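Note sheet for the following structure.
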Amino acid sequence: MDYTDYLVELRRELDEFGALLGGDLSAPVQHCGSWKLADLVAHMGAGNLWVVTAVREGHGDNYRESDAPGDPDGLRSWYADSADDLVAALSVDPATAAWTIAPPHTVGFWRRRRTQETLVHRWDAANALGLQQALNAELAADGVAEVFDTMADRMVARGAATPPARALRLTATDSARSWTYGPGEPVAEVAGTAEDLLLMLWGRKPRESDALAWTGDRAAGLAVLAGPLVP
């Protein structure tokens, strides 16, 4: 995907997340601890505004979920405004310098990162409301790539994970894309749709889900994923 596509997809995912907020904001969000949907909205809106600051002011010191309004209508409006502000801030040359959590330190980094963040949390919001919403296969495959080219390395750098001792291959059956994580020849392979792989990596689906096909040394492959690979 190119930077223009990310901006288009980000706008779409932000809007789709917003469209879910007419549902029950007290619904539990299954994979986000004790959060209710309202808490997830606060997380998303605060994250959007945090990135606006990262781009426009060049620092990462403005993450405040406490700014989210407590009333449902105010919360929905605040989220919508944050989405608009985010897209406006990212509608500049993607090579523009920005504070980021990992290289490259550019607006282009945030176009991709916020697209992927919104993609996963849009799934969370739909799941909280008992809805099934498919993920775009190309975006999901890019999300798998991001786990390995950005997120896992960041977890290691922060001391939250150790580098894998062996390698695992992951194959997306709906795009013929594959990724290898870890050193040497893969000891195992796990195959599934890009959506299933992405949701597995982000802890939304079990690593031994029936939707995933394992070959090789499964135990060793699962150890490679022990991570944690993502926050």
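In the UniProt record's numbering, the protein residues as written are 1 to 231.
Built from N, CA and C at the ideal position, the CB exists for glycine as well.
Predicted, not measured: the structure shown is a model, and the values here were computed from it.
By alpha-carbon distance to Trp202, the top candidate from Ala140, Arg11, Pro94 is Ala140. Membership of Gly192 in the beta strand (DSSP E) is indicated by the continuous run 186–192. Spatial neighbours of Val187 in its own chain (CB-CB distance under 8 Å, excluding positions within 5 residues in sequence) are listed in chain order as Arg166, Ala167, Leu168, Gly216, Asp217, Ala220, Gly221, Val224.
Membership of Ala172 in the beta strand (DSSP E) is indicated by the continuous run 167–172.
Collapsing the DSSP output to three states places Pro94 in coil. For Ser26, the three-state secondary structure derived from DSSP is coil. For Tyr3, the uninterrupted alpha helix (DSSP H) run begins and ends at 3–19, by DSSP. In chain order, Met1 place their CB closer than 6 Å to the CB of Asp142, counting only its own chain and leaving out the 5 sequence neighbours on each side. DSSP places Tyr181 in the strand class (E or B) of the three-state scheme. Look at Ala134 here: in three-state DSSP terms it is coil, with no helix or strand label.
In this structure, Leu25 is the residue among Gly45, His43, Leu25, Pro183 with its C-alpha nearest to the C-alpha of Lys36. Arg207 and Tyr181 have their C-alpha atoms spaced approximately 15 Å apart.
Ala126 is a Cβ neighbour of Leu20, given a cutoff of 7 Å. Here the segment 72–84 lies against the segment 35–53, with 3 or more beta-carbon pairs under 8 Å apart.
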